[in-house]
Amino acid sequence: MNKTIRRASVFTLLLVLALLVRATWVQFYEGRALAEDKDNRRNAIEQYAYPLGNIIVGGDAVTGSARTTGGDLAYKRTYTDGRLYAAVTGFSSQVYGATQLEGIYQQLLDGTDNRLKNPLDTVTGKRSDPGDVVTTIDPDVQKAAYEALGDKKGAAVAIDPGTGRILGVVSTPSYDPSKISTSDSEVWDGLTKDPDKPMTNRALRQPLPPGSTFKLVVAAAALEDGLYSSVDERTDSENPYTLPGTTTVLANESRSAPCADASIRVALQYSCNNVFAKMAVDLGQDKVKAMAEKFGFNDTSQDVPVRAYTSVYPSDMDRSSTALTGIGQFDVTATPLQMAMVSAALANGGKLVTPHMVARISDANGDVLEDYDDKAESREIVSSSTAEQLRSAMQTVVEEGTGTNARIAGATVGGKTGTAQHGENNSKTPYAWFTSYAKSDSSDKEVAVAVLVEQSDAARSEVSGNGLAAPVAAAMMRAALD
Numbered sequence: 001m002n003k004t005i006r007r008a009s010v011f012t013l014l015l016v017l018a019l020l021v022r023a024t025w026v027q028f029y030e031g032r033a034l035a036e037d038k039d040n041r042r043n044a045i046e047q048y049a050y051p052l053g054n055i056i057v058g059g060d061a062v063t064g065s066a067r068t069t070g071g072d073l074a075y076k077r078t079y080t081d082g083r084l085y086a087a088v089t090g091f092s093s094q095v096y097g098a099t100q101l102e103g104i105y106q107q108l109l110d111g112t113d114n115r116l117k118n119p120l121d122t123v124t125g126k127r128s129d130p131g132d133v134v135t136t137i138d139p140d141v142q143k144a145a146y147e148a149l150g151d152k153k154g155a156a157v158a159i160d161p162g163t164g165r166i167l168g169v170v171s172t173p174s175y176d177p178s179k180i181s182t183s184d185s186e187v188w189d190g191l192t193k194d195p196d197k198p199m200t201n202r203a204l205r206q207p208l209p210p211g212s213t214f215k216l217v218v219a220a221a222a223l224e225d226g227l228y229s230s231v232d233e234r235t236d237s238e239n240p241y242t243l244p245g246t247t248t249v250l251a252n253e254s255r256s257a258p259c260a261d262a263s264i265r266v267a268l269q270y271s272c273n274n275v276f277a278k279m280a281v282d283l284g285q286d287k288v289k290a291m292a293e294k295f296g297f298n299d300t301s302q303d304v305p306v307r308a309y310t311s312v313y314p315s316d317m318d319r320s321s322t323a324l325t326g327i328g329q330f331d332v333t334a335t336p337l338q339m340a341m342v343s344a345a346l347a348n349g350g351k352l353v354t355p356h357m358v359a360r361i362s363d364a365n366g367d368v369l370e371d372y373d374d375k376a377e378s379r380e381i382v383s384s385s386t387a388e389q390l391r392s393a394m395q396t397v398v399e400e401g402t403g404t405n406a407r408i409a410g411a412t413v414g415g416k417t418g419t420a421q422h423g424e425n426n427s428k429t430p431y432a433w434f435t436s437y438a439k440s441d442s443s444d445k446e447v448a449v450a451v452l453v454e455q456s457d458a459a460r461s462e463v464s465g466n467g468l469a470a471p472v473a474a475a476m477m478r479a480a481l482d
């Protein structure tokens, strides 16, 4: 073979190799990228070619699939009581994607999850029948919260303290996910531009100042640290209290309340700001932060399995700012989920069971693929003695203090109200909070609840945790214990 032919052969071989490399690259790398591209219409066509699996509440499906007429998408997602369960399900849209449980379990629900495949499906590439998501939500608790919140802007969460099961997740105002299952851009634009943000899950994903409900965390830190030996020991708390290094006097809601040197029980009963602001300073921000983080604050990966926004206890503060954190202000923020976790831990003897709103996922035959109830872990937040004392003090709040609207016949109820400042110099309507627990006097049923009312039609002077949030909590607790 002469030199010219040899060179031509080598060059041709290199071209062939280059084509093979390029074909392989397109087939396996770019092909996968194109297949996973959210703008690839074929993905939506494939996903909605068959009915989707369902999200189950109380044994019944709250989702469905309906045959479409016209177009290249054979089915669309439907919802039963969509507004009631939107904060649980999220939405699955042919155009706008999927959120919350619909998004997290999308492959399970559309049949592409590898766990659904049998050996023959793997060989033939046949699409498997879709699976289902079984939630922990109690429909009675969910409905009670939704109806009690009514036209208020707010949110509520209920947890079974002993199991970590989330019994209710409600956010108002809500929306109907069915309205955006297809390409209704007018409805989508209306929802996304609505100033009331109906698509925001306020229960899990909008942390706000928790106000006086955070005093439970500060009290827990004081008891665990030994700053005070019991909830009935008198504290060292002058009234009025001047914030350290300032001339600002911290007022109490009631000037006649016995807040000077009040015990933790009395201070919770009357929600004495001076006691808990001073307590936070005496403990120091590091100890308060450590306790807050044990309850779940500053956790950036809190999944239930929907990722909850981080509830925050700040760092690097001066003493006056630390004092304000003692009453749930300054830069302290919390979701209703987080404050329900505080009450749940205290109700459960100081142990927090991992909160979750999915009990299990199953295949089309009902066989369990993953059981989340079995995976729930328990960790000690405070000692059983501290938990017992704080439960007792919370009962005083409901029986004789600022939380009387949470009383329930036939149950032992403890709670803590909160009215958090909003806006510069408290110029906007405050947030009304209530966190609580209830135990049936006739059975082993128990529940922990947190409610936030962000805005209502009540006059500013009437905004309080007891007036707005406690009745919602009472309705949820009653439904959970019945």
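Using our numbering, read the sequence shown as starting at 1 and increasing by one per residue. Yeah, the Cβ is synthetic: ideal placement off N, Cα and C, and Gly gets one too.
Check the C-beta distance from residue i over to residue j and give it rounded, since I have them as a contact under 8 Å.
i, j, result
"Y437", "P161", "7 Å"
"R234", "S256", "Actually they are not in contact, since the Cβ atoms of R234 and S256 sit about 19 Å apart, beyond 8 Å."
"L227", "Y241", "With a Cβ gap of about 16 Å, L227 and Y241 do not count as contacting."
"Q421", "Q285", "Rounded, the Cβ-Cβ distance is 20 Å, inconsistent with contact."
"L390", "L346", "5 Å"
"Q455", "T435", "With a Cβ gap of about 19 Å, Q455 and T435 do not count as contacting."
"T136", "I166", "5 Å"
"G350", "A387", "4 Å"
"P244", "V281", "6 Å"
"A480", "V62", "Contact flag wrong, Cβ pair sits at about 19 Å."
"A473", "A406", "5 Å"
"T310", "T300", "5 Å"
So, residue i versus residue j, is the Cβ gap smaller than 8 Å?
i, j, result
"I361", "V133", "yes"
"V170", "A203", "yes"
"G82", "D176", "yes"
"A219", "P471", "no"
"R67", "Y75", "yes"
"T354", "A334", "no"
"G111", "P139", "no"
"M528", "E224", "Since the first residue shown for the chain is 1 and the last is 482, residue 528 is missing from the structure and cannot be characterised."
"V483", "R265", "Outside the modelled stretch of the chain, which goes from 1 to 482, sits residue 483, for which no answer is possible."
"L268", "A308", "no"
"A432", "V463", "yes"
"L52", "S65", "yes"
"Q100", "V306", "yes"
"T182", "K153", "no"
"S237", "E253", "no"
"M477", "G168", "no"
"L369", "R115", "yes"
Nearest by alpha-carbon distance to residue i: which of the options is it?
i, options, result
"L489", "V95, V10 and A145", "This structure cannot speak to residue 489, because the chain is shown only from 1 to 482."
"T417", "T402, R407 and M291", "T402"
"Y313", "L208, V57 and M477", "L208"
"A155", "A474, V453 and L481", "V453"
"C259", "T247, N274 and Y50", "N274"
"S378", "L369, A364 and N348", "N348"
"K289", "V332, Q302, E186 and S384", "V332"
"T163", "L352, V21 and T300", "L352"
"G70", "A49, A86 and D60", "A49"
"S229", "D371, S385, T300 and A277", "S385"
"M357", "A158, A98, N118 and G97", "A158"
"Y96", "K287, S178, V449 and S9", "S178"
"S174", "K143, V449 and N466", "K143"
"A359", "K117, D374 and L14", "D374"
"F276", "T246, Q302, Y85 and N239", "N239"
"G465", "T419, S440 and V57", "T419"
"Q94", "Q395, E400, S185 and S383", "S185"
"S92", "N118, D113, Q47 and G58", "Q47"
"N118", "G415, E380, Y372 and D367", "D367"
Bridge partners for residue i per DSSP, in chain order?
i, result
"V133", "I55 and I361"
"V353", "S378"
"W489", "The requested residue 489 is not part of the displayed model; the chain covers only 1 to 482."
"I166", "I159"
"T300", "T300 is not bridged to any residue."
"A98", "S92"
"S65", "R77"
"E486", "Absent from the model: residue 486. The displayed extent of the chain is 1 to 482, so no value can be given."
"L208", "A334"
"R307", "D303"
"Y241", "L250"
So, does the segment 438-457 touch the segment 408-417, judging by three or more C-beta pairs under 8 Å?
yes
Stretch-stretch touch, CB-based, cutoff 8 Å, three pairs: the segment 319-336 with the segment 213-227:
yes
Touching by the beta-carbon criterion (3+ pairs, under 8 Å), the segment 295-304 and the segment 332-348:
yes
Between the segment 190-206 and the segment 316-323, are three or more C-beta pairs nearer than 8 Å?
no
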